[in-house]
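Let me begin by presenting the structure, written as structure tokens, before commenting on it.
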Amino acid sequence: MALQLMKLAVSATTTTTVDPASTRYFYVTTAVTAAGATLTIDAASFFDDTGAPVESLPALNASNSYFNVYVNGILQMEGISTYTPGATGVGSLAIAVPAGGDSILSDTPVVLETVVFVPTSTTTVST
35 MALQLMKLAV SATTTTTVDP ASTRYFYVTT AVTAAGATLT IDAASFFDDT
85 GAPVESLPAL NASNSYFNVY VNGILQMEGI STYTPGATGV GSLAIAVPAG
135 GDSILSDTPV VLETVVFVPT STTTVST
């Protein structure tokens, strides 16, 4: 019998799904933030969809997540907000109110929405 190359016969199929996980955080201002000033909201000042206090803001990966900020129900431009993940004293949302514009009034609702895309994969190998 002649020499033969022996090899495995294997096939594999991978299915990947990516689902967004959205979380909303709520805050109501307690004082006026004048134009040209910055409103900084500590993580512990937010409450969640159930009304429970928030303990920390999640870390966001630049490649699969983002955040949106709504002031009085209006989506704000990206450049005026700074998001810092973490617990009380570290985690915060800072909103720089543009100079020459309107102030943020007392009792104004602020909504922070974080969206993280969560990939899951399943691989089936057949021999």
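Following this note's numbering from start to finish, the sequence shown increments by one per residue and tops out at 161. We treat Cβ as the ideally placed atom computed from N, Cα and C, and that holds for glycine.
- If you draw a straight line from the Cα of Ser-160 to the Cα of Leu-42, it is about 11 Å long.
- For Ser-45, the three-state secondary structure derived from DSSP is strand.
- Only residues of its own chain outside the window of five on either side were considered, and among them Val-66, Thr-67, Ala-68, Ala-69, Val-131 have a CB closer than 7 Å to the CB of Ser-137, listed in chain order.
- Between Thr-148 and Thr-63 a beta carbon distance of about 20 Å is seen, past the 8 Å cut, so the two are scored as non-contacting.
- For Phe-101 and Thr-50, the gap between their C-alpha atoms comes out near 24 Å.
- Straight through space, the alpha carbons of Thr-158 and Pro-92 are spaced by roughly 33 Å.
- Taking a cut-off of 8 Å for Cβ pairs, the stretch 74-85 and the stretch 102-113 do not touch, as fewer than three such pairs fall below it.
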